[in-house]
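Asker: In the order they appear, the protein sequences are chains L and R. Residues in the first sequence are numbered consecutively from 0, following numbering that gives the first Met the number 0. Residues in the second sequence are numbered consecutively from 0, following numbering that gives the first Met the number 0. Quick reminder that beta carbons are idealized off the backbone N, C-alpha and C, glycines included.
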Amino acid sequence: MSSTHEHTEPGRLPSILTIASAVLGAAGLVIWLGASMSRGETYYFWGIWLIVAALAVYLWRYRLLNGGEALRELLRSSARKMAVPVMGVVTAIVLGGILMLATGYNPIEAYGALFFGGLVRNWHISILNAAPLIFTALSVAFAFKAGLFNIGAEGQYYMGAMAAAWLSIHFTLPGIISLPLIFIFAGLFGAMWTIIPALLKVRTGAHEVITTMMLAHTARYLSPVFIRANGGDPATSTHPYVTWEILPNNFLPRFQQFLPQANYRVHTGILIAIVVALLIHYILYYTSWGFEIRAVGENKDAARAQGISVGKNIFRALLIAGFLAGLAGFNQVNGLDHRLFENLQAGYGWNGISVALLAGGNPIGVVFTGLLWGVLDAGGQFMARTTQTPSAIVEIVKGTILFLVVARYIYTAIGNWRRKRQRHREADAANAVKEGA
Amino acid sequence: MAQPILETRHIVKQFPKVLANDDINLTLNQGEILCLLGENGAGKSTLMNVLYGLYKPTSGTIVLDGEEVEFSSPRDAIDRGLGMVHQHFMLVDTLTVTENIILGSEPGRGPQIDYRTARQQVKELSERHGLRIDPDAKIMNLSVGLQQRVEILKALYRQAKILILDEPTAVLTPQEVEEFFAVVRGLRDNGVSIIIITHKLEEVKAISDRVYILRRGRIEGERRTADVSKEDLANLMVGRAVVLTVEKSDHQAKQEPVFEIDDLRVLDDREVAVVDGLSLDVRPGEVVGIAGVDGNGQSELAEAIMGLRSVAGGSLKHLGEDIKDLTTKERIHRRISYVPADRHRYGLVLPFTVAENIAMGYHDRAPNASGGGMRLNYSAMEEQATRLIKDFDIRTPGPLAPASHLSGGNQQKVILAREFTRNPSFLLVSQPTRGLDVGAIEYIHSQILAMRDQDVGVLLISLELEEIFGLADRILVLYEGAIVKEFVASETDEREVGFYMTGGKKEQSA
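1. Tell me the start and end of each unbroken alpha helix (DSSP H) in the segment 153-201 of chain R that is at least 4 residues and wholly inside, in chain order.
2. What's the call for asparagine 422 of chain R, buried or exposed, on a 16-neighbour Cβ count within 10 Å?
3. As a quick exercise: from L:Pro13, L:Pro173, L:Thr267, pick the residue whose alpha carbon is nearest that of leucine 32 of chain L.
4. Taking glutamate 527 of chain R as part of the alpha helix (DSSP H), name the residues at either end of that continuous run.
5. Taking the alpha-carbon of serine 192 of chain R as reference, which of R:Ile206, R:Glu201, R:His198 has the nearest alpha-carbon?
6. Taking 8 angstroms as the CB-CB limit, is leucine 16 of chain L close to chain R?
7. Can you name the residues that DSSP bridges to glycine 82 of chain R?
8. So is tryptophan 288 of chain L in contact with chain R if we call contact Cβ pairs under 8 angstroms?
9. Say whether chain R places a C-beta atom closer than 8 angstroms to the C-beta of alanine 358 of chain L.
10. Between the segment 297-325 of chain L and chain R, which residues of the former have a C-beta closer than 8 angstroms to a C-beta of the latter?
11. With a 10 Å radius around its C-beta and 16 neighbouring C-beta atoms as the bar for buried, classify glutamine 511 of chain R as buried or exposed.
12. Any heavy atom of the ligand SAH inside 7 angstroms of the beta-carbon of glycine 310 of chain L?
13. Give the C-beta separation of tyrosine 240 of chain L and glycine 231 of chain L to the nearest angstrom, bearing in mind that I take them to be a contact with Cβ-Cβ under 8 angstroms.
14. Serine 353 of chain L by DSSP, collapsed to three states: which one?
15. Compute the Euclidean distance between the alpha carbons of glutamate 259 of chain R and serine 248 of chain R, then round it to the nearest angstrom.
16. What does the Cβ neighbour count give for aspartate 188 of chain R, buried or exposed, with the cut at 16 atoms within 10 Å?
17. Does the contact criterion of 3 or more C-beta pairs under 8 angstroms hold for the segment 303-317 of chain R versus the segment 326-335 of chain R?
18. Which whole runs of the beta strand (DSSP E) in the segment 228-282 of chain R are 3 residues long or more, in chain order?
19. Opposite leucine 475 of chain R in the DSSP bridges: which residues?
20. Can you tell me which of R:Asn295, R:Phe425, R:Glu285, R:Lys323 puts its alpha carbon nearest to the alpha carbon of alanine 303 of chain R?
21. Does the beta-carbon of proline 398 of chain R have 16 or more other beta-carbons within 10 angstroms, so that it is buried, or is it exposed?
22. Quick one: complete alpha helix (DSSP H) runs, 4+ long, within the segment 282-355 of chain R?
23. How about histidine 362 of chain R: is its C-beta nearer than 8 angstroms to some C-beta of chain L?
24. Going by DSSP, what residue range makes up the beta strand (DSSP E) through alanine 19 of chain R?
25. From the DSSP output, in three-state form, read off isoleucine 132 of chain R for me.
26. When you compare only the Cα positions, how much space is there between phenylalanine 402 of chain L and glutamate 394 of chain L?
27. In whole angstroms, give me the CA-to-CA distance for alanine 301 of chain R and phenylalanine 329 of chain L.
28. Decide if glutamine 511 of chain R is buried, meaning its Cβ has at least 16 other Cβ atoms within 10 Å, or exposed.
29. For methionine 373 of chain R, would you say it is in contact with chain L, using Cβ-to-Cβ distances shorter than 8 angstroms as the test?
30. Does the separation of the CB atoms of glycine 351 of chain L and alanine 145 of chain L fall below 8 angstroms?
31. Need the endpoints of the alpha helix (DSSP H) that asparagine 222 of chain R sits in, please.
32. Taking buried to mean at least 16 other C-beta atoms within 10 Å of its own C-beta, is arginine 75 of chain L buried or exposed?
33. Under three-state DSSP, which class holds glutamate 105 of chain R?
34. Any Cβ of chain R within less than 8 angstroms of the Cβ of alanine 152 of chain L?
35. Could you tell me the alpha carbon to alpha carbon distance between glutamine 260 of chain L and leucine 127 of chain L, rounded to whole angstroms?
36. Go ahead and label isoleucine 460 of chain R buried or exposed: buried means 16 or more other beta carbons lie within 10 angstroms of its beta carbon, across all protein chains shown.
So, in structure tokens, the structure goes:
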């Protein structure tokens with residue numbers, strides 16, 4: 000670990016740099032996410048510069064601790080990891096462009112509008128889109144790590160949303176107390192919706208894809224009942240398919256409260272989503288819970304032989320997945336809508352599956368792919384409005400990205416399987432050679 | 000002198016970091032059985048894959064029937080009369096024997112398959128070569144030995160004159176091995192030339208006419224099988240004198256048993272009692288070997304001891320306490336160690352690193368974790384792994400390499416390192432050397448004996464009698480789920496034990 004750099008003595012400098020990088024990064028992120036083009040474009044770029052600076056400081060620290068060669072290796076390996084997803088996105092965009100040409104639209108104009116709309120002009124809408132997707136995608140990704148496919152995040156999302164709405168209509172406590180409570184209860188209700196699939200999986204081996212999906216529909220169609228009971232009245236024109244508004248003390252803080260330039264709708268749910276993603280990363284890779292869940296996901300027989308309970312970890316993983324999907328409901332009700340709509344079309348749960356797949360099940364990756372999806376959605380709407388290009392094109396581009404990137408995982412899985420034998424042999428051969436040395 | 004049918008001239012195959020084949024010259028004669036003997040990683044399979052068109056040689060030529068050939072794919076090799084049976088069969092489980100055999104070269108016109116002709120051809124072929132098989136059976140209903148037959152027929156159906164068999168007996172039971180040998184001899188008598196890739200000395204002696212010994216990518220020697228002893232072959236193979244049985248010192252076992260099994264009854268997945276009325280005890284400082292033909296309850300016994308399968312009756316006592324109702328985790332923490340027979344399925348999480356695999360089982364406690372498991376300590380795991388990599392001579396790029404990147408012998412060493420360093424009082428070892436080369440076997444055997452000398456009670460389950468005789472102080476013969484005979488290892492021989500293993504005199508001895 001010691002540095003070979005001539006003058007630097009690691010001492011306290013690396014810790015200072017760590018803190019500096021974290022502070023710069025957090026500040027940059029908040030400013031960037033909260034920026035609104037229509038009000039203060041300078042903030043938008045300030046945010047980006049701060050994030051770049053944080054990254055630079057981090058890399059400097061890395062070089063200080065591990066030397067220049069390790070830094071180059073880190074950059075190389077990150078580039079390798081990023082290459083396929085980035086290539087997938089670029090290829091999908093090119094293919095979408097060809098499609099636009101073929102159907103008589105101007106791809107340059109359309110993509111210009113798409114990215115201007117998604118990344119700059121309607122950046123706040125991208126953020127609003129991304130937040131719930133990050134939660135549901137984390138849910139799917141977490142279950143992935145245990146070798147489970149939580150296809151019913153949609154249902155857990157609705158359970159969380161209903162819990163959040165009911166509590167937020169009735170809780171009169173100050174926000175600082177009630178919001179954490181609602182946050183937890185929304186998660187718990189989401190988790191509750193995975194208890195039955197988890198029990199069935201552990202006791203009878205019933206496949207979670209079937210059980211979570213069926214319960215997803217149950218929860219979705221429970222929501223109209225809940226809405227009628229809590230203010231929704233189809234007979235009136237003012238409140239047809241929506242609950243009463245929640246109490247203002249239960250609104251999630253908005254960016255505008257500390258960044259005057261921010262769009263008034265943007266709330267801090269995105270920040271919570273990012274913190275939760277970091278937390279999930281920590282749980283998976285730095286706790287024995289995560290260790291066991293990953294071991295069960297990769298090889299449950301070997302895990303069991305080492306005393307790791309397969310049932311307990313499947314149960315745990317599915318419940319945590321449900322909790323995460325429930326948080327998406329909290330995010331929407333307390334952050335954005337301040338009421339629960341009978342909106343059966345949004346499909347945050349279903350889209351979360353795509354976002355999680357695109358990230359390869361990596362919790363940090365989910366933040367990026369969630370943002371990408373949010374940008375494509377917001378930009379697609381902007382593009383359709385300003386250039387009359389149908390937003391269906393964006394759906395095609397999204398589908399193509401997913402196909403190219405996920406198909407790549409399938410391809411590598413097959414490739415790995417084929418190459419495995421050869422790799423074994425090469426490893427053996429290498430050993431044989433080393434024996435000689 | 001027989002006619003050479005296949006020759007390689009100065010074959011060199013260079014992989015990015017490894018010279019896998021170095022100037023290989025070998026000759027296969029018409030109608031002979033040739034063995035290619037070598038340790039894991041000696042370059043046998045690479046060479047065969049070069050012959051079969053899977054790899055392109057870096058330099059050198061292949062001469063077939065006196066004509067220089069160049070294969071760019073297995074398809075070319077098949078067209079020129081080469082057939083290969085891989086260690087892992089490439090069959091479609093849900094299709095019939097006939098369908099599998101004709102797959103890829105179906106008779107008939109266009110999209111239509113002429114099943115009648117196909118079935119007839121398969122039947123004729125199997126009768127001609129004495130490879131009896133039901134052409135309409137589904138692959139999934141066939142035993143491994145019969146599946147191998149299908150693979151061989153598949154090659155013959157494509158008019159193979161040369162058959163390459165990669166580790167053909169690795170998956171077979173002893174009886175199937177005998178049948179397999181008969182089949183191979185029959186094929187030779189029908190004029191098929193055969194290359195068998197193997198690392199088993201017995202197999203070379205039993206079946207081949209001639210043998211090439213490969214070591215580190217080079218041909219170390221060529222012998223007529225009849226003129227060479229097993230010891231000579233072993234020496235050529237590993238390049239040093241191997242003691243085929245590890246030196247076993249005398250060691251006095253303690254009296255008080257560390258592990259006792261009484262009247263144990265275990266059901267398999269079909270709810271049939273495959274262990275029934277089994278009793279044994281293991282004392283500290285002795286190796287008790289369980290000899291038996293595969294499928295007599297070995298795996299169920301091991302699983303019951305480790306708590307991976309529930310016990311239907313009887314008792315399991317560790318240090319005098321009944322552990323029947325304890326979880327696997329509790330048993331592990333009572334310092335019961337387990338080396339499972341199937342290391343890929345039960346021993347390792349292959350995508351995990353070596354360090355993680357070594358920590359597994361103790362991953363939630365110090366030094367691997369702190370704060371009740373809330374914080375994993377990766378540097379402690381790595382430190383421990385680095386130490387064990389050195390102690391157990393594990394060949395790996397480092398503690399952070401995934402276990403899947405290691406060779407079989409080194410993977411087994413990772414498991415040994417984990418289990419043997421947890422200070423066990425009782426050690427259950429199942430098939431510890433299956434599929435490993437001589438060097439690794441010797442090392443693992445010496446480690447097991449070292450555990451015995453530290454007064455650990457060792458229960459060894461093995462299908463290989465040589466291993467049992469090499470290690471065990473007492474030998475228990477397992478037949479149909481019960482111990483039918485007990486021997487003191489020094490007072491018996493393989494013939495006597497083998498007699499009881501196959502069910503001889505069960506009544507008389509029980």
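Answerer: This is what the structure holds:
1. Taking 4 residues as the shortest admissible run, the segment 153-201 of chain R contains the following complete alpha helix (DSSP H) segments, listed from N- to C-terminal end: 173-188.
2. exposed
3. L:Thr267
4. Given that chain R is displayed from residue 0 to residue 509, the structure contains no residue 527 of chain R and the question cannot be resolved.
5. Of the candidates R:Ile206, R:Glu201, R:His198, the one whose C-alpha sits nearest the C-alpha of serine 192 of chain R is R:Ile206.
6. no
7. R:Leu162
8. Yes, tryptophan 288 of chain L counts as interfacial toward chain R.
9. Judged by the 8 angstroms Cβ criterion, alanine 358 of chain L is not in contact with chain R.
10. Glu297, Asn298, Asp300, Ala301, Ala302, Arg303, Ala304, Gln305, Gly306, Ile307, Ser308
11. Outside the displayed range of chain R (0 to 509) lies residue 511 of chain R, so it cannot be described from this structure.
12. Among the components modelled here there is no ligand, and therefore nothing to report on the ligand SAH.
13. 6 angstroms
14. helix
15. 25 angstroms
16. exposed
17. yes
18. 258-266, 272-281
19. R:Ile289, R:Glu485
20. R:Lys323
21. Buried, by the Cβ-count rule.
22. 297-305, 327-332
23. yes
24. For alanine 19 of chain R, the enclosing beta strand (DSSP E) covers residues 18-28.
25. coil
26. 12 angstroms
27. 49 angstroms
28. The first residue shown for chain R is 0 and the last is 509, placing residue 511 of chain R beyond what the model contains.
29. yes
30. At least 8 angstroms separates the beta-carbon of glycine 351 of chain L from that of alanine 145 of chain L.
31. Asparagine is not the amino acid found at residue 222 of chain R; the sequence shown has arginine there. No alpha helix (DSSP H) holds arginine 222 of chain R; the beta strand (DSSP E) holding it covers 217-223.
32. That one is exposed.
33. coil
34. no
35. 16 angstroms
36. buried
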